[in-house]
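Novice:
In this note's numbering, the protein residues as written are 40 to 386.
1. Can you look up residue 107 in the DSSP assignment and give me helix, strand or coil?
2. How about residue 232 and residue 247: are their beta carbons less than 9 Å apart?
3. When the distance is taken between beta carbons, is residue 221 closer than 9 Å to residue 148?
4. How is residue 295 classed by DSSP in three states: helix, strand or coil?
5. Counting only the same chain and skipping the five closest in sequence on each side, list residues whose C-beta sits under 7 Å from that of residue 235.
6. Looking only at DSSP bridge pairs, what is residue 170 linked to?
7. Would residue 114 and residue 326 qualify as a contact pair, given that the criterion is a beta-carbon distance under 9 Å?
8. To which residues of the same chain is residue 268 closer than 8 Å at the C-beta, ignoring the five residues directly before and after it?
9. From the DSSP output, in three-state form, read off residue 204 for me.
10. Please tell me whether residue 382 and residue 244 are closer than 9 Å, where the distance is taken between their beta carbons.
11. Rounded to whole angstroms, how far is the Cβ of residue 377 from the Cβ of residue 309, which I believe are closer than 8 Å?
12. I'd like to know whether the C-beta atoms of residue 237 and residue 384 end up nearer to each other than 9 Å.
13. Hey, could you find the ends of the beta strand (DSSP E) residue 215 is sitting in?
14. In chain order, what residues of the same chain have a beta carbon less than 7 Å from the beta carbon of residue 128, not counting five sequence neighbours either side?
15. Excluding the five sequence neighbours on either side, which residues of its own chain have a C-beta within less than 8 Å of the C-beta of residue 84, listed in chain order?
16. Alpha carbon to alpha carbon, what distance is there between residue 301 and residue 369?
17. Pull the bridge partners of residue 245 from the DSSP assignment, please.
18. Using a 10 Å radius around the Cβ and a threshold of 16 neighbouring Cβ atoms, would you call residue 96 buried or exposed?
19. State yes or no: is the C-beta of residue 199 within less than 9 Å of the C-beta of residue 291?
20. Determine which residues share a DSSP beta bridge with residue 250 and list them.
21. Three-state secondary structure (DSSP) at residue 57?
22. What separation, rounded to the nearest whole angstrom, lies between the Cα atoms of residue 386 and residue 285?
23. For a test of the three-state rule: what should DSSP assign to residue 361, helix, strand or coil?
24. Return the bridge partner residues of residue 307 from the DSSP annotation.
25. Go through its chain and collect everything with a Cβ distance to residue 102's Cβ below 6 Å, but skip five positions before and after it.
26. Taking the alpha helix (DSSP H) that residue 235 belongs to, which residues open and close that run?
27. According to DSSP, simplified to helix, strand and coil, what is residue 148?
28. Can you give me the start and stop residues for the alpha helix (DSSP H) that residue 279 sits inside?
29. Using the three-state DSSP reduction, which class does residue 139 fall into: helix, strand or coil?
30. Suppose you measure from the CA of residue 45 to the CA of residue 354; what does that come to, to the nearest Å?
31. At a cut of 8 Å, does the stretch 148-164 reach the stretch 254-269 through at least three beta carbon pairs?
32. Would you say residue 294 and residue 241 are within 9 Å of each other, going by their C-beta atoms?
33. Can you say whether residue 47 is buried or exposed, counting buried as having 16 or more other CB atoms within 10 angstroms of its CB?
Given below as structure tokens:
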């Protein structure tokens with residue numbers, strides 16, 4: 040499972056940020072909650088898809104550098120690296136979906152294609168990659184070419200809210216890993232996924248959720264939720280019950296619904312790689328609070344000598360704030376990125 044290296048990161052960022060005023064885009068992203076709230080109050084327009092695209096345009100290259108090409112969380116074990124835990128989690132999904140050679144499946148919100156490559160290699164299934172972020176979709180394609188997997192993939196640049204370019208009953212199975220949490224209408228997203236799956240097909244969803252410990256009457260809890268929404272570009276964060284109801288409302292039968300952040304034992308907190316505490320889980324320095332702050336400081340100098348694009352340090356500061364929100368939500372137990380559901384479209 041590959042990481043972007045510090046030597047290749049400047050070129051990747053220059054390609055990603057070509058022609059942009061990065062600091063201006065970071066500032067615009069930082070104000071998206073205010074724009075949404077004003078639009079809700081006065082009936083104005085607000086496009087959340089633009090916010091989500093801005094988030095991934097700014098952060099994808101740094102995410103791959105600091106995390107890896109699979110831009111999602113996984114249940115952790117003390118004896119494993121983060122990378123090994125992600126592989127184990129993806130293999131569980133492959134097993135649960137009963138994926139095998141000859142199947143055609145849909146990756147809803149494919150990111151840069153990390154999970155898709157494991158699915159294709161280990162199951163032999165062909166994967167249709169759905170993403171409305173052109174930058175990420177092109178990265179997925181180029182990485183697949185590098186790894187000899189391009190013949191196992193198809194690419195569709197569209198929103199999962201409107202997959203009308205795809206016919207009904209097209210796929211043998213599907214999955215959405217930390218993607219439909221961005222949906223402005225979760226039931227609408229699940230309805231589109233339901234439509235394109237064949238009768239009897241299995242669907243795996245991994246959702247970012249507020250847990251049953253979240254108290255909407257607690258001002259501290261509400262502040263943490265808003266900080267998570269702001270940093271991850273989530274237009275609201277659903278509860279477990281809300282996600283399950285949305286799946287069932289469009290016709291899915293839920294077979295399993297588990298917060299794997301606490302159910303997969305023996306475990307290590309899912310947020311630990313971002314916390315930086317000593318432990319048996321081997322954290323990369325670049326993921327820790329000290330590493331993120333050192334990176335931001337170093338990038339300010341690197342920007343001055345034009346080694347990195349201007350504004351890169353502002354992106355790292357944005358991501359550091361988001362990482363702190365993840366850790367706060369995880370430590371209090373009010374938030375999880377690991378609500379995993381297995382559902383079936385009835386025959």
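The beta-carbon is built from N, C-alpha and C at its ideal position, and this holds for glycine as well.
Specialist: Result, derived from the coordinates:
1. coil
2. no
3. yes
4. strand
5. Excluding positions up to five away in sequence, the list reads 145, 202, 205, 207, 209, 210.
6. 196
7. no
8. 72, 274, 275, 276
9. If DSSP states are grouped into helix, strand and coil, residue 204 belongs with coil.
10. Taking 9 Å as the Cβ cut-off, residue 382 and residue 244 qualify as a contacting pair.
11. In this structure residue 377 touches residue 309 by the C-beta definition: roughly 6 Å separates them, less than 8 Å.
12. Contact check for residue 237 against residue 384 passes: the beta carbons are separated by less than 9 Å.
13. Judged by DSSP secondary structure, residue 215 falls within the beta strand (DSSP E) whose first and last residues are 210-216.
14. 113, 114
15. Excluding residues within five positions, the ones whose Cβ falls inside 8 Å are 78.
16. In a straight line, the C-alpha of residue 369 is about 11 Å away from that of residue 301.
17. For residue 245, which the question treats as bridged, DSSP gives the partners 216, 379.
18. The residue is buried, with at least 16 neighbouring Cβ atoms inside 10 Å.
19. no
20. DSSP output for residue 250 lists no bridge partner at all.
21. Here residue 57 sits in coil by DSSP.
22. 19 Å
23. helix
24. The bridge partners DSSP lists for residue 307 are 115.
25. Here the set comprises 110.
26. 225-235
27. In the structure shown, residue 148 falls within a coil segment according to DSSP collapsed to helix, strand and coil.
28. 279-288
29. coil
30. Their Cα atoms are separated by approximately 16 Å.
31. no
32. yes
33. exposed
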